[in-house]
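Following the numbering used here, the numbering of the sequence shown begins with 19 at its first residue and continues without gaps. Think of the CB as a built atom: it goes at the ideal place given N, C-alpha and C, for glycine as much as any other residue. From a predicted model like this one, the values you see are computed outputs, not experimental measurements.
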Amino acid sequence: MPLSPEKRVGLFFALGLAILLVVIEMVGREGLFRRGYHLRARFDRVTGLRVGDPVRLAGVDVGSVSSLQTLAPKVEVRLWIHRGTLIRQDATAAIKQTSLLGGTH
């Protein structure tokens, strides 16, 4: 059964809108709409760490975990840091438990 021209236009519009929303979401995660920069840290273990977990400096949220990638024998963690946050070149990263239930940052 062929689609009427009106249904084709509606289907095309809905599909285009869905694609646009997916692209905006993907680009937004990479920082086009957020200001800041990425840092990388490598760890032996990242038990409990997840994408989206907060990054804290002196107890203050300064960013989030943007990705985890296995680079045997280590795991590389990509951190999104908010614009204006200064992190010293000799700084070290650590994964800490934030609650008794196992949340991490």
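Each residue's CA atom was taken as its position, placing valine 78 and lysine 25 some 52 Å apart. Taking 8 Å as the cut-off, the beta carbon of valine 80 is found closer than this to the beta carbon of valine 73.
With distances taken between CA atoms, lysine 92 lies nearest to Ala59 out of Arg101, Ile113, Ala59, Ser82. In this structure, the CA atom of glycine 66 is about 13 Å from the CA atom of valine 95. Lysine 114 carries a coil assignment under DSSP once its states are collapsed to helix, strand and coil.
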